[in-house]
Each structure stands twice: as C-alpha cells, then as structure tokens.
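Here the protein sequences come in this chain order: A and B.
Numbering (the working numbering) for the first sequence: 1 to 275.
Numbering (the working numbering) for the second sequence: 276 to 544.
Just so you know, even glycine gets a beta-carbon here, dropped at the ideal spot from N, CA and C.
Beneath this line is the structure, given in structure tokens, with notes to follow.
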Amino acid sequence: MKAATSPAAIAAPRQSGPGLLNRLQPVTYPLAGIAVMLFVWWLGGEYIASNPDTMIFASFAPGPTFVALWNMLGQASLWDAIGASLYRIGAGLFWGCLLGVPLGILVGYFTTARQMANVPFQFLRMVSPLAWMPLAVMIFDSWNGAIVFLILMASLWPILFSTAHGVKRIDPGWFKVARNLGASGPQMLRRIILPAVMMDMMAGIRLAVGVAWVVLVPAEYLGVTSGLGYAINDARDTLDYSALAAVVLVIGVIGYALDGLCGMLMRRFNWQLEG
Amino acid sequence: MGASISLDGISHRYKPGASTVLEGIENQIGSGECAVLIGRSGCGKSTLLHMMAGLLLPSEGCVRINGRQVVRPSAKWNMMFQKPSLYPWMNVRQNVGLGLEFAGTGKAEVRDKVDQLLDLVGLADSSTVNVQSLSGGQQQRVALARSLATHPDVLLLDEPFSALDAFTRASLQQEVTAICRARGITLVTVTHDIDEAILMADRVLIMTRNPGRIENEMAVPLPWPRDTASSSFQGHRRALMDQFEQSDGVTPLPEPESDRVRFRRVSNG
C-alpha cells in the first residue's frame with residue numbers, strides 16, 4: 001500500500017546556509033587530505049620502527065623528520081641548497097622558454113616547419129632528460145652547466161608543444177583582421193600571437209616546472225656539492241635519515257609552491273571571461 | 276573620402292588545375308558608391324571581396340583602387356567579417372584603437388578618435404568593458420568602429436550582419452550605410468539577403484556560380500533612408516528576386532506590371 005505523503009514529508013532538503021562550516025569548506029578538505037597523508041606516514045613509521053629488520057630507518061617517521069626540519073630551518077646550509085636548486089631550475093626554465101616559445105610559434109604558425117619538425121621533435125621528446133647526462137658532462141665544463149642543460153631538456157618540450165598548440169588554435173579571423181588593419185610582422189607577434197597563446201604558454205611552463213623539478217634531484221646527484229639533490233645524497237651517505245626525509249619534505253613543499261605560482265600566473269594571463 | 280574600385284578581368288582558381296571559382300569579372304564601383312554583391316552560396320562573392328581587400332590575389336586580372344593595383348591588405352580598404360573577430364584580451368577601447376596603434380598614431384590622438392567613434396556607434400559608455408561581455412550586435416558595432424578608425428576609403432562587408440537578430444540587423448544596416456554615405460566611403464557589401472541588398476545598395480551586382488560571374492546588375496535609385504514597407508522598396512525587391520532567379524535559370528513568378536523595375540544585363544568580357 002502506498003504510504004500517505006504529508007507536506008512535511010516532501011519538504012525540500014535543507015539548504016546549507018552561509019555558515020562558518022561553509023566558509024571553511026575550501027580549507028577543510030585539503031586539511032583532511034593532509035591529515036590522512038600524515039597518518040599514513042606515521043603508520044609507515046610505526047611499522048618500520050616495530051620491525052627489527054627495518055628499525056634502523058625509523059627516523060623516516062614524521063616526528064624525527066619534523067624535528068630535523070626545524071633544526072635545518074635555522075641552518076644556512078638548507079637555504080643555500082634551496083637557493084642553488086632554484087637558481088638551476090630558473091636558469092633551465094629561462095633557456096627552455098627562450099628556445100621553446102619561438103620554436104613553438106614557428107612550428108605552430110608555419111605548416112612546413114611543423115611537418116619538418118614533427119618527427120625529430122617527437123623523437124627527442126621521448127628521450128628521458130636524464131639520458132643526456134653523460135653528454136651534458138662532456139659538453140659543459142662545469143657541473144652546474146650540465147645540470148642546467150638537463151633542466152632545459154626537461155622543460156623545452158612542454159613549453160614548445162603547448163605554445164605550438166596555442167598558435168594552431170588561434171582564430172584565423174584574428175590574423176585576417178590584424179593584416180587588414182595594417183599590422184607589421186613584429187606587431188602581429190606582439191599584439192596578436194603572444195597574447196593569444198599566453199594561456200597555452202603558461203600551461204606549458206607549468207608542466208615544464210613540474211617535470212624540471214622532478215628531474216632536478218637526480219640531476220643534482222651529479223658531481224655538484226650544492227642543491228637539494230645533493231643534500232639528499234649527503235644525508236643518505238651520512239645515514240641521517242631524518243634529515244633526508246626533511247629535505248624530501250622541503251622539495252615537495254617548494255614544488256607545490258612553484259606549481260601554485262604557475263597557477264596564479266595562468267589565472268593572471270587568462271583572458272577568457274569566466275561564467 | 277571614398278575611392279573607386281576597378282575589377283579588371285578577374286579570374287581565379289585556388290590551385291592550378293582546380294575548377295575556376297571566378298571568371299571574367301569586369302566592373303567599376305564609383306567613389307562613395309554603395310554596391311552590393313549578391314548570389315547563392317559558393318558563387319565566389321566572398322572570394323571577390325577578399326581580393327578587393329588584398330587578402331587574396333586573383334590568378335588572372337587585378338583589383339585597382341583609385342587606379343592602383345591592390346597587392347596587399349591596407350587599413351585604407353578595410354573589411355568587416357561575419358564574425359566580429361574582436362581580440363578578447365583587449366577592452367572595447369583597445370580593440371577600436373588597434374589600427375591606429377599599428378599606424379603609429381600618438382596616444383592622445385588615438386584616445387580622441389576612439390572616443391568619437393564609440394560615440395558614433397553608441398558605445399561611449401562601454402569603452403573599458405571586456406568585449407566578451409557584449410552582445411553580438413554590440414560586438415559588430417565595435418568591429419565597425421575599429422574599421423572606421425583608420426579612415427578607410429573603402430569599407431568591405433562580408434555578411435557582417437547575418438548572425439544578428441532581425442532588429443539589430445535592421446538598425447546596423449541603416450547605420451552603416453548612413454555613416455559611409457556621410458563620410459563618402461565606398462561601401463561594398465556581400466550578402467545573400469535580398470532585403471539587405473535593396474536596403475544598402477546604390478547598385479546590386481548579381482553573381483552566378485560555376486564559375487562565379489557578375490551576371491547582371493540593378494540600380495536601386497531609392498531615397499535614403501529606405502523604408503522596407505514602401506511599395507517602391509517592394510517593387511525593387513521583387514525585381515531583384517526575378518533577376519536573381521533568372522540568372523540562376525529559374526523562371527520568375529508573374530508580378531503586377533506597376534511594380535516592375537528594369538535591369539540590364541552585364542557583358543562579361
């Protein structure tokens with residue numbers, strides 16, 4: 001038998017008002033995610049500490065790691081390592097943009113250039129940046145130069161392909177109108193092409209930052225005596241596992257911050273009207 | 276001021292060996308005249324307009340503006356397209372002033388001219404608005420102001436009102452014609468809308484396809500601004516319709532004798 005439905009029973013679901021809980025929603029879920037991650041980390045640390053075969057690595061646990069991090073924050077060596085790594089990332093990305101953006105525009109704009117470049121670029125893109133390590137060591141007379149080269153090889157392709165993709169998508173009407181209004185080549189580049197592809201370019205740079213930051217640590221295992229990769233290697237050699245875990249934490253935080261910065265820049269250069 | 280356009284023996288193929296898109300186009304458009312190119316889709320009217328704008332070079336023959344061969348685009352013979360193609364990273368003011376900026380005009384002069392033009396097209400209050408938030412009609416007004424900013428001698432319209440609603444289209448048809456007539460700009464409009472042709476033309480050039488030719492032309496000696504409801508407008512409309520159908524090989528419907536308007540056949544070559 002069908003149950004009688006009273007007006008109260010079919011009342012609309014309660015609308016969530018603009019309460020404190022709603023205002024906190026943007027931070028509550030990320031905080032919950034961080035809490036889960038810390039819990040899993042703590043659980044892993046407890047397991048490692050409880051096993052006689054692995055207890056030597058117990059200082060990987062959150063407690064010792066945060067203590068080590070606190071101590072390292074007061075030491076110049078951590079900041080020097082961060083500075084050295086950021087310099088290498090910056091230099092590699094600079095060269096990546098300097099080569100990637102013009103090449104991307106060239107490949108995106110001219111069909112012939114695209115057809116010529118497609119096979120070589122796709123082939124080179126598939127080579128791991130770290131595979132260039134022996135060649136980089138031979139070509140550059142400093143370890144620093146070699147690492148910057150590896151970062152360049154990691155960041156070049158995302159920037160180049162994103163830029164080329166952006167140029168290919170440009171509304172042909174924009175070119176027609178600009179030519180019709182008497183735009184010269186440099187004016188077309190500066191006022192039409194670059195603003196039009198800015199979002200794709202920034203998306204490429206964001207991807208490049210991610211790849212470059214991942215490649216940086218193994219690249220700094222090369223002969224250098226500075227940088228976060230070197231700090232990890234050094235901690236491993238001195239069996240200072242809490243310091244090692246602290247450096248990993250620093251790498252993660254900086255990587256996250258760099259990605260956030262790129263996201264901010266993407267929003268800054270986004271000319272599409274939202275909504 | 277306006278400029279005369281001369282279409283001298285234009286024939287065109289997009290590729291060698293491909294079918295002929297345009298053949299034996301010969302015509303003269305006088306300075307300050309409002310000419311309309313009308314024809315079915317694929318008859319090459321947009322191709323011909325692109326040639327007048329210098330965006331495409333004919334395989335044979337040439338376009339001359341004031342006697343000089345058109346070999347490249349110029350802000351002096353400006354084209355408006357079906358899509359306004361505004362730059363979304365620029366606001367209304369920046370879009371309108373772009374041609375002047377390309378020409379190296381000083382900032383103060385650009386500001387003054389853009390102000391005048393925005394006033395002319397009824398967007399004086401929207402100068403700093405993002406163009407993406409404008410309606411289709413407002414966007415075409417911005418495109419019109421942008422085209423007028425460089426003081427063109429010739430304005431070429433490639434069905435710029437076809438995507439607009441009927442009310443906006445009607446007001447823009449009248450406004451553009453009035454502005455061009457007031458400034459002495461030679462206006463060439465491509466359309467397949469019979470009403471638009473009669474509303475905007477001193478002379479209608481009727482094109483046929485396979486290959487594209489100017490088959491006939493019809494003068495429209497109606498007073499400005501034109502009243503679409505008037506009997507003379509309707510008479511010209513019917514005459515153009517007949518002419519259009521005859522050019523296309525279709526027998527026109529019989530019509531009242533009083534409304535008949537004469538047209539003449541154009542000799543091609």
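Out of the options, which has the shortest C-alpha to C-alpha gap to residue i?
| i | options | result |
| --- | --- | --- |
| residue 191 of chain A | B/347, B/317, B/364, B/343 | B/364 |
| residue 510 of chain B | B/326, B/473, B/422 | B/473 |
| residue 499 of chain B | B/315, B/280, B/289, B/309 | B/309 |
| residue 301 of chain B | B/494, B/442, B/481 | B/481 |
| residue 126 of chain A | A/251, A/213, A/157, A/117 | A/157 |
| residue 188 of chain A | B/507, B/377, B/422, B/483 | B/377 |
| residue 356 of chain B | B/386, B/437, B/329, B/338 | B/437 |
| residue 521 of chain B | B/418, B/496, B/492 | B/492 |
| residue 146 of chain A | A/222, A/111, A/86 | A/222 |
| residue 133 of chain A | A/215, A/77, A/115, A/53 | A/215 |
| residue 417 of chain B | B/362, B/465, B/475 | B/362 |
| residue 167 of chain A | A/123, A/114, A/128 | A/114 |
| residue 193 of chain A | A/212, A/175, A/96 | A/175 |
| residue 388 of chain B | B/403, B/371, B/404, B/398 | B/371 |
| residue 281 of chain B | B/332, B/385, B/339 | B/339 |
Below 9 Å on C-beta distance, what does residue i contact in chain A?
| i | result |
| --- | --- |
| residue 362 of chain B | 174, 177, 178, 191, 192, 195, 196, 271 |
| residue 391 of chain B | Near residue 391 of chain B there are no residues of chain A at all, since even the closest Cβ is about 18 Å away, more than 9 Å. |
| residue 405 of chain B | 271, 273 |
Using a cut-off of 8 Å between C-beta atoms, extract the partners of residue i located in chain A.
| i | result |
| --- | --- |
| residue 330 of chain B | 176, 179, 180 |
| residue 353 of chain B | 180, 181 |
| residue 425 of chain B | 181, 182 |
| residue 350 of chain B | 180, 181, 182 |
| residue 356 of chain B | 173, 176, 177 |
Note down, in chain order, every chain B residue with its Cβ under 7 Å from the Cβ of residue i.
| i | result |
| --- | --- |
| residue 171 of chain A | 360 |
| residue 187 of chain A | 377 |
Give me the Cβ distance between residue i and residue j, rounded to the nearest whole Å; I'm assuming they're in contact under 8 Å.
| i | j | result |
| --- | --- | --- |
| residue 148 of chain A | residue 92 of chain A | 5 Å |
| residue 277 of chain B | residue 460 of chain B | 5 Å |
| residue 395 of chain B | residue 420 of chain B | 7 Å |
Let me know the secondary structure DSSP gives residue i once reduced to three states.
| i | result |
| --- | --- |
| residue 34 of chain A | helix |
| residue 323 of chain B | helix |
| residue 9 of chain A | Residue placement at residue 9 of chain A is flagged as unreliable, the pLDDT there being 48, under the threshold of 50; a coordinate-derived value is accordingly withheld. |
| residue 543 of chain B | In this prediction, residue 543 of chain B has a pLDDT of 49, which is less than 50 and means its spatial position is unreliable; nothing more can be read from the coordinates. |
| residue 240 of chain A | coil |
| residue 3 of chain A | Only weak support exists for where residue 3 of chain A lies, its pLDDT of 44 falling under 50; the coordinates are left without a value. |
| residue 25 of chain A | helix |
| residue 478 of chain B | strand |
| residue 386 of chain B | helix |
| residue 370 of chain B | helix |
| residue 280 of chain B | strand |
| residue 170 of chain A | coil |
| residue 337 of chain B | strand |
| residue 433 of chain B | strand |
| residue 302 of chain B | strand |
| residue 510 of chain B | helix |
Is the closest heavy atom of the ligand NAP to the C-beta of residue i under 7 Å?
| i | result |
| --- | --- |
| residue 50 of chain A | Of the ligands one can find in the structure shown there are none, so the ligand NAP has no counterpart to examine. |
For residue i, which residues in chain A fall below 7 Å Cβ to Cβ?
| i | result |
| --- | --- |
| residue 409 of chain B | Those within 7 Å of residue 409 of chain B in chain A number zero; the least Cβ separation is about 10 Å. |
| residue 374 of chain B | 181, 182 |
Are there three or more Cβ pairs, one per stretch, closer than 8 Å when the region 151 to 166 of chain A is compared with the region 321 to 339 of chain B? no
Using a Cβ distance threshold of 8 Å, determine whether the region 406 to 413 of chain B contacts the region 440 to 459 of chain B, with at least three qualifying pairs required. yes
Any 3 or more C-beta pairs closer than 8 Å across the region 447 to 462 of chain B and the region 286 to 294 of chain B: no
Given 8 Å as the limit, is there contact between the region 159 to 166 of chain A and the region 95 to 114 of chain A, that is, 3 or more CB pairs closer than that? yes
Spell out a yes or no on whether the region 171 to 180 of chain A and the region 342 to 361 of chain B are touching, meaning 3 or more CB-CB pairs, one atom from each, closer than 8 Å. yes
Does the region 78 to 94 of chain A come within contact of the region 260 to 268 of chain A, defined as at least 3 CB pairs closer than 8 Å? no
Given 8 Å, three or more beta-carbon pairs between the region 237 to 249 of chain A and the region 59 to 78 of chain A: yes
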